[in-house]
Amino acid sequence: MTLRVLLLGFGGVGRAICEILASRGTPGISAMGGALNQMAGKVNIVGVLTKTRGAVWDENGIDLNRLMEGSFDDPNNPHWTPPGVISSQQAVNRINSYDVLMELSVVNMEEKGFPAAQYIHTALTNHKHVVTANKGPVAFHYKSLKKVAQDNNCILRFESAVMDGAPIFCLKRAGLRS
925 MTLRVLLLGF GGVGRAICEI LASRGTPGIS AMGGALNQMA GKVNIVGVLT KTRGAVWDEN
985 GIDLNRLMEG SFDDPNNPHW TPPGVISSQQ AVNRINSYDV LMELSVVNME EKGFPAAQYI
1045 HTALTNHKHV VTANKGPVAF HYKSLKKVAQ DNNCILRFES AVMDGAPIFC LKRAGLRS
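When the letters of the sequence shown are read in order and numbered with our numbering, they come out as residues 925 to 1102.
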């Protein structure tokens, strides 16, 4: 099975994920969490959206090496869309185009985790798994997001948003005695 991933945000974390996948392929995904590794034979990043640089979208998988070389907002890239043409919410609503949302946008504490919390909620409602590195949605909306995930039989992971990414939740899930 190929796991199709949509990235919202392409800062340090988003770039690191793409670097891992470009250099190590799917085995490198274990660095991002065992749940995704168990689900996929192959991982394809099918979309990357940013607020300032626009979007890159290819349902067959983005060429990560080209993306990492800085061609993200290259007008000659046929898969690039300028900023403002497609919103993050529109991308999240493309329910047949991806399996996992990686929400990596900048935390917005003033807005109590929005708009990221809404993107996560929409993805979970549409039966998509979610991984976030954003503290805001977890801090302000954990209970409701957890319930939506459970109701839709989805995985919600946020370990990188807590304790500087210390693998405390993975250790507990893997059988660490309490």
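Backbone N, C-alpha and C define an ideal beta-carbon position, used for all residues, glycine too.
Exercise for review: Would you decide whether residue 956 is buried or exposed? Buried here means 16 or more other CB atoms lie within 10 Å of its CB.
Suggested key: Confidence at residue 956 is low in this model, with a pLDDT of 46, below 50, so its placement is unreliable and the value that follows should be read with caution. Buried.
Review point. Along the chain, which unbroken stretches of the beta strand (DSSP E) at least 3 residues long are found entirely within the stretch 1006-1092?
Key: As far as the stretch 1006-1092 is concerned, its whole beta strand (DSSP E) runs of at least 3 residues are 1024-1027, 1053-1056.
Check your understanding: Can you tell me the Cα-Cα spacing of residue 1062 and residue 985, whole angstroms?
Key -> Those two C-alpha atoms are separated by around 29 Å.
Point to revise | Residue of 978, 1016, 1022 minimising C-alpha distance to residue 1002 | key: Nearest C-alpha to residue 1002: 978.
Check your understanding: Whose CA, out of 1034, 1051, 1043, 1028, lies closest to the CA of residue 1083?
Key -> Of the candidates 1034, 1051, 1043, 1028, the one whose C-alpha sits nearest the C-alpha of residue 1083 is 1028.
Exercise for review: Return the residue from the list 976, 1053, 940, 998 that minimises the CA-CA distance to residue 928.
Suggested key: Comparing Cα positions, the closest option is 1053.
Check your understanding: Per DSSP, residue 967 forms a beta bridge with which residues?
Key -> The secondary-structure analysis by DSSP pairs residue 967 across a beta bridge with 927.
Check your understanding: Apart from the five residues on each side of it in sequence, which residues of its chain come closer than 8 Å, Cβ to Cβ, to residue 1017?
Key -> Excluding residues within five positions, the ones whose Cβ falls inside 8 Å are 1046, 1050.
Point to revise | Rounded straight-line distance, which links the Cα of residue 1064 to that of residue 1080 | key: One Cα belongs to residue 1080, the other to residue 1064, and the distance between them is close to 15 Å.
Exercise for review: Please say whether residue 1015 and residue 930 have beta carbons closer to each other than 8 Å?
Suggested key: Residue 930 places its beta carbon less than 8 Å from that of residue 1015.
Review point. What whole-angstrom Cβ distance do residue 1104 and residue 1007 have, given they're in contact under 8 Å?
Key: Residue 1104 lies beyond the residue range present for the chain, which begins at 925 and ends at 1102; the question has no answer from this structure.
Review point. When the cut-off is 8 Å and only beta carbons count, does residue 1020 lie next to chain C?
Key: The structure shown contains no chain C, having only a single protein chain.
Check your understanding: Would you report the Cα separation of residue 944 and residue 1030, rounded to the nearest angstrom?
Key -> The alpha-carbon separation between residue 944 and residue 1030 amounts to approximately 21 Å.
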